[in-house]
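To convert, note that position 229 of the sequence shown is 229 in UniProt numbering; the numbers rise steadily by one, no gaps. Think of the CB as a built atom: it goes at the ideal place given N, C-alpha and C, for glycine as much as any other residue. See below for the structure under consideration.
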Amino acid sequence: MFGFYGIGTISEGASSQSGGLFLVISLLFLYQSSIHVKNKLKLYFLFCSIISMFLTLATVSRTAISAMLIVLIIYILYKLLFSKLNLIYTFTSMVVVATCSLLVFKYFTPILEYVERRLVSGFDSGANTRQNKWDRLLSESDNIGLVFGNGKGFTQTLTGGFTLSADSQFVRLILEVGYIGLVLWFIPIILLITFALVHLKRYTSESLSIILLILAFLIMSVTHEVFLVTIQASIFWIMISLFIGIILNKKNSSSNSHEIV
């Protein structure tokens, strides 16, 4: 269960790691809810997704919560604007969400107040602390190093120890592989998003899940090295591969059926 650098266990005490994991699980349940036809199964997985979102909220990870809110807003807007709504499912979903929200507000008020204090009151101090750290790390490299990179392990040499201490996927990439390496790193990410957009209309659930998952990880990457944490990164690539495989399998099945006809 232990991940790279000892980070990434399900019971990991760091809020950023457990928050990211619960967020990924939330998106997986949301996908399951969208692909089932029976309303009972759709509502069951929607309920599981809501529970996982509340667990994400309970970790008080500012980055994970921010990513969750952004992808959730995009998901809801897309469903409202471009999808045919099942009225019974939509109404029941609204009732389930409202009921769960009321129960949370009634029985978990102290937790919500703590979350509010950490998100609002601690946002500026947390942002300033990380900004100062990023500036200090980047100042350790010369201009050539920033462009071409200083090599793998350079960040670890600066921070010391064996944990992921850059507090940003992008800062670590700039220090180790430079701005050129950062651009190259983004190429497969852009290709994945392009693939999802191309197939979004026909294979909505899988394509939308790819886009939301990538967006969530990019948001969390601002303040955490999520692509280096074993469990989070492993689940990310497993899910991305799964969604791509489902899309390609459906395309092949559709092509074969047309050839037979």
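Give every residue of the same chain whose Cβ lies closer than 8 Å to the Cβ of residue 188, excluding the five residues on either side of it in the sequence, and list them in chain order. none
For the region 204-222 against the region 26-36, do three or more pairs of beta-carbon atoms, one drawn from each stretch, fall closer than 8 Å, so that the two count as touching? yes
Locate the alpha helix (DSSP H) running through residue 49, then write down its first and last residues. 39-58
Would you identify the three-state DSSP class for residue 229, choosing helix, strand or coil? Shown here, residue 229 sits in coil according to DSSP, grouped into three states, outside any helix or strand.
For the alpha helix (DSSP H) containing residue 216, name the first residue and the last one. Note, residue 216: alpha helix (DSSP H), 204-221.
For residue 172, count the other beta carbons within 10 Å of its own beta carbon; 16 or more makes it buried, fewer makes it exposed. Which is it? buried
Just verifying my parser: in three-state terms, what is the DSSP assignment at residue 167? coil
So, does the region 223-236 touch the region 132-147, judging by three or more C-beta pairs under 8 Å? The region 223-236, when compared against the region 132-147, does not touch it at the 8 Å Cβ threshold.
Would you grab the beta carbon distance between residue 68 and residue 26 for me? Rounded to a whole angstrom, and I think it's under 8 Å. About 7 Å separates the Cβ atoms of residue 68 and residue 26, confirming a contact at the 8 Å cut-off.
Roughly how many whole angstroms lie between the Cα atoms of residue 51 and residue 148? 44 Å
Going by beta-carbon coordinates alone, are residue 240 and residue 192 separated by less than 9 Å? yes
Pair within 9 Å by beta-carbon distance, residue 46 and residue 72: No, Cβ-Cβ distance for residue 46 and residue 72 is not below 9 Å.
If I follow the unbroken alpha helix (DSSP H) through residue 143, where does it start and stop? 143-148
Where the alpha helix (DSSP H) containing residue 80 begins and where it ends: For residue 80, the enclosing alpha helix (DSSP H) stretches over residues 62-82.
Using CA atoms only, rank isn't needed, just tell me which of 130, 84, 254, 44 is closest to residue 221. Checking every option, the nearest Cα to that of residue 221 belongs to 130.
Could you check how far apart the C-beta atoms of residue 65 and residue 57 are, in whole angstroms? I think they sit under 8 Å. 6 Å
Just mark residue 94 as buried or exposed, buried being the case when its beta carbon has 16 or more other beta carbons within 10 Å. exposed
By Cβ distance, which residues of its chain are closer than 7 Å to residue 212, with the 5 residues on each side in sequence left out? Closer than 7 Å at Cβ, skipping near neighbours: 27, 71, 74, 75.
Which residues in the same chain as residue 233 place their Cβ atom closer than 6 Å to its Cβ, once the five residues preceding and following it in sequence are excluded? Annotation for residue 233: 227 place their beta carbon closer than 6 Å to its own, counting only its chain and skipping 5 residues before and after.
Closest Cα partner of residue 198 within the set 251, 92, 235: Per the Cα distances, 251.
Drop a sphere of 10 angstroms on the beta-carbon of residue 140, count the other beta-carbons inside from all chains shown, and report buried for 16 or more, exposed for fewer. exposed
If we call anything under 9 Å between Cβ atoms a contact, is residue 157 one with residue 166? No, they are not a contact pair.
Considering Cα atoms alone, identify which of 182, 176, 170 is closest to residue 225. 170
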